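All remarks here apply to the structure that follows.
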Amino acid sequence: MVNIETIDVFYSLHSFQEDELRDKTVVIIDVLRASSTIVTAFMNGAKAIIPVGDMGEASKIAQNVDSDNYLLCGEKDGEKIEGYDLGNSPLEYLKEIVEGKNLIFNTTNGTKAIKKSLGSSKTYIASFLNVSAIVDELKKQENEIVLVCAGWKGRLAFEDMLLAGNIIHLLCNGSLPNGSRDGAKVAFGLYDKFGDDISTVIHQSNHATRLKDIIGTSDIDYCCQVDITDMLPRLKEGMITLTDG
Ligand SMILES: O=C(O)[C@H](CS(=O)(=O)O)OP(=O)(O)O
Ligand SMILES: [Mg+2]
Numbered sequence: 000m001v002n003i004e005t006i007d008v009f010y011s012l013h014s015f016q017e018d019e020l021r022d023k024t025v026v027i028i029d030v031l032r033a034s035s036t037i038v039t040a041f042m043n044g045a046k047a048i049i050p051v052g053d054m055g056e057a058s059k060i061a062q063n064v065d066s067d068n069y070l071l072c073g074e075k076d077g078e079k080i081e082g083y084d085l086g087n088s089p090l091e092y093l094k095e096i097v098e099g100k101n102l103i104f105n106t107t108n109g110t111k112a113i114k115k116s117l118g119s120s121k122t123y124i125a126s127f128l129n130v131s132a133i134v135d136e137l138k139k140q141e142n143e144i145v146l147v148c149a150g151w152k153g154r155l156a157f158e159d160m161l162l163a164g165n166i167i168h169l170l171c172n173g174s175l176p177n178g179s180r181d182g183a184k185v186a187f188g189l190y191d192k193f194g195d196d197i198s199t200v201i202h203q204s205n206h207a208t209r210l211k212d213i214i215g216t217s218d219i220d221y222c223c224q225v226d227i228t229d230m231l232p233r234l235k236e237g238m239i240t241l242t243d244g
């Protein structure tokens, strides 16, 4: 049974220290686009995803693995990095490309947030695409829960806080206890106000506006879909794989 009053929400990957996640169940949220892309890669049969913090780390891993089984993936300023196999658009992660592959994944915000949670008790990857599966899993947790919004370069990202609010709304059946933490209240309030039409408000977000010429509206439309899968990606020993709990 989840104690809603202990749920915390961090608004960006720079808004907390690693040790604040120790022994917690952590949910990483990067709606646009890393967590939506991770969920999609698994929907299409990817075997495992190694999140990395920067291009140097990605190259080091890529040099030491069998290139037939690994794909180098990620973005800089929203665009595919030169020499990489894939960028950060979920629409690129097709079955015929990712099935059975291990992905080395390097993005501006999302993969860095995931790496910061290495010391947690459990870490799950959430998007609107798999929100109910995440909530069902959280209902089974005994640890305190922390929702980590990746944000954008240390700032709050609307779409990430909106999903944090959606998760809290579902966990508390739309009724937030008075004693809840400030982060949970802010996220809950945001979803309460804007949750009826997430696609419209996410299209108006800073991220969508800033990157609309690069990522296009089809990526945003795709990432705004709710519950198209029950995939539950989980970080374990530095690698993201699918879990049934
Ligand atoms: O590729 C994305 O959508 C962003 C790029 S940027 O931070 O807006 O330049 O990366 P993500 O790590 O998925 O937030
Ligand atoms: Mg993002």
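Sequential numbering from 0 applies to the sequence shown in numbering that gives the first Met the number 0. Even glycine gets a Cβ: it sits at the ideal position worked out from N, Cα and C. Please read all numbers here as calculations on a predicted model, not as lab measurements.
Asked, Found
"Less than 7 angstroms between the C-beta atoms of A57 and N105, yes or no?", "yes"
"Taking just the CA atoms, how far does I80 sit from V134?", "34 angstroms"
"With DSSP collapsed to three states, give me the class of S119.", "strand"
"Taking Cβ to Cβ, would you say E143 is nearer than 7 angstroms to T39?", "no"
"Is any heavy atom in ligand 2 found nearer than 6 angstroms to the beta carbon of A183?", "no"
"For R233 and G118, what's the separation of their Cα atoms in angstroms?", "13 angstroms"
"Helix, strand or coil for A33 per DSSP?", "helix"
"Output needed for L210: all residues of its chain with C-beta closer than 7 angstroms, excluding positions within five of it in sequence on either side, in chain order.", "G77"
"Compute every distance between the C-beta of A149 and the non-hydrogen atoms of ligand 2, then say whether any falls below 6 angstroms.", "yes"
"DSSP state of K79, grouped into three classes?", "strand"
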